[in-house]
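Note sheet for the following structure.
The structure is reproduced here in structure tokens:
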């Protein structure tokens, strides 16, 4: 059920965040946004999200460093990397550091949703959730 997915979108592009937040919410998903790693960490500390969609380019640190912080504190968290400005190489580096998968921007909403579902289901089964 889509209500089981609490998605945190982390990106430094406000238009990307707002557009995708609205589109996901119209499909029934619960969505929060953050424009920096520090804001994302604050939202993760509330225990609210169970899926993070994380851009590789953030204003306060790069997405790989942010991913490492997230996985250190919340090893079972499902994280998808977004690469837009970077290359596929950045997405693969994210996977090497614990991301479930990566997406290239721009990404179609249906593809993003499919990747969220697959990654969350795989992470949940690995960690017994």
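In this note's numbering, the protein residues as written are 17 to 145. Ideal Cβ positions, reconstructed from N, Cα and C, are used throughout, including at glycine. Since this is a predicted model, take the numbers as computed values, not measurements.
A check of alpha carbon separations from residue 129 across 103, 115, 36 and 108 identifies 36 as the nearest. Here residue 94 is bridged, per DSSP, to 67. According to DSSP, residue 23 shares a beta bridge with 47 and 67. Excluding its 5 nearest sequence neighbours in each direction, residue 113 has C-beta neighbours in its own chain below 8 Å: 80, 83, 84 and 87, listed in chain order. Out of 74, 96, 53 and 118, the CA that lies nearest to the CA of residue 105 is found in 118. Its Cα nearest to that of residue 48, the residue 23 stands out among 23, 121, 97 and 126. Where residue 31 is concerned, the enclosing alpha helix (DSSP H) starts and stops at 30-42.
In the three-state DSSP reduction, residue 120 falls in the strand class (E or B).
The shortest C-alpha to C-alpha distance from residue 25 to any of 77, 98 and 78 is the one to 98. Counted as a single uninterrupted DSSP element, the alpha helix (DSSP H) harbouring residue 54 occupies residues 53-61.
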